[in-house]
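If you read the sequence shown in the working numbering, its first letter stands for residue -10, the second for the next number, and so on.
Where a beta carbon is used, it is the ideal one built from N, C-alpha and C, also for glycine.
Remember, it's a predicted structure, so these values are computed and weren't measured experimentally.
Worksheet: the structure to be examined is printed underneath.
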Amino acid sequence: MRWVESVLFWVNYPNVSSTDVLLQRIPKSESFLKRKSDYVQQPIPKAGLEAIWKIMMEAENVGMNWNPYGGKMSQILPTATPFPHRAGNIFKIQYGSNWKTPGNEIADNFLKWTRKPYQAMTPYVSNNPRESFLNYRDIDIGINLNATLEEGKVYGSKYFRDNFDRLVDVKTRFDPDNFFTYEQSIPTRY
């Protein structure tokens, strides 16, 4: 199976669908989502797991995915690429919820329930800073309203650790006018 054919599965088309349906660009329905992430570096004690399971049993339409780390991945130096979260992590957690009904009240409810297990995991995850996985963009951890280096460091250190400064240097060199910007983009030095 080619990668593009696997996309059919993730957007809920039947396996017999042609990939041409992906060109229609009209979604079957509107979909909303929230993702958050964490890295776990020490085993979670039994009491902690029991507390988390209790929250997840109460949670409304929120999931947690635990992705194991280690092995060969741990041999890649944190500075080898912008992604530094290899060695020292037992697993990554993705917290997520999806909903289809628009509206602020509904969205607020899903956001609240997605944040609840994230908050409960605080004692068991990385800290100083509490690190996050870049691909699960989470504006709860910081946004850059004024395109300043100080604002960017808030989320940048969580996504990139010490590699953030190097990324700022690259951004400053190749996009000094900060043309490519959004609420969590890498800022320039000036």
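Between the CA atoms of Q83 and Y125 - distance to the nearest angstrom: On the sequence shown, residue 125 is found 136 positions in, with the first residue counted as 1. On the sequence shown, residue 83 is found 94 positions in, with the first residue counted as 1. Taking the CA atoms as reference points, Y125 sits about 8 Å from Q83.
Reference Y148; option with closest CA among K81, V(-4), V51: Locating residue 148 in the sequence shown gives position 159, counting from the first residue. When each option's Cα is compared against that of Y148, the closest is K81.
Extent of the continuous beta strand (DSSP E) run through Q83: Locating residue 83 in the sequence shown gives position 94, counting from the first residue. Run containing Q83: 80 to 88, per the beta strand (DSSP E) assignment.
Residue from Y58, W(-8), S26 whose Cα sits closest to the Cα of P106: Walking along the sequence shown from the start, residue 106 turns up at place 117. Among Y58, W(-8), S26, the Cα nearest to that of P106 belongs to S26.
Residue from Q31, I33, V10, V51 with nearest C-alpha to K23: Here residue 23 corresponds to residue number 34 of the sequence shown, with the count starting at 1. Selection Q31, I33, V10, V51 evaluated against K23 yields V51 as nearest (Cα-Cα).
Span of the alpha helix (DSSP H), counted from its first residue to its last, around S115: As a first step, residue 115 is located in the sequence shown; it is residue number 126 there, counting from the start. It is not in any alpha helix (DSSP H) - S115 carries neither H nor E in the DSSP assignment.
Cβ neighbour criterion (16 or more within 10 Å) applied to D127: Residue 127 sits at position 138 when you count from the first residue of the sequence shown. Taking all protein chains in view, the Cβ of D127 is crowded by 16 or more other Cβ atoms within 10 Å, so the residue is classified as buried.
C-beta contact flag for P91 and E19 at 8 Å: Taking the first residue of the sequence shown as position 1, residue 91 is located at position 102. Taking the first residue of the sequence shown as position 1, residue 19 is located at position 30. Result yes, Cβ atoms of P91 and E19 sit closer than 8 Å.
At least three beta-carbon pairs within less than 8 Å, the region 63 to 75 to the region 87 to 101: In short, these stretches do not touch, since the Cβ pair count stays below three.
DSSP-derived helix/strand/coil call for M(-10): Position 1 of the sequence shown, counted from the first residue, corresponds to residue -10. Looking at M(-10) - three-state DSSP - the assignment turns out to be coil, as it is neither helix nor strand.
Beta-carbon proximity check, Y58 vs I79, cutoff 8 Å: Taking the sequence shown and counting its residues from 1, one reaches residue 58 at position 69. Taking the sequence shown and counting its residues from 1, one reaches residue 79 at position 90. Yes, they are a contact pair.
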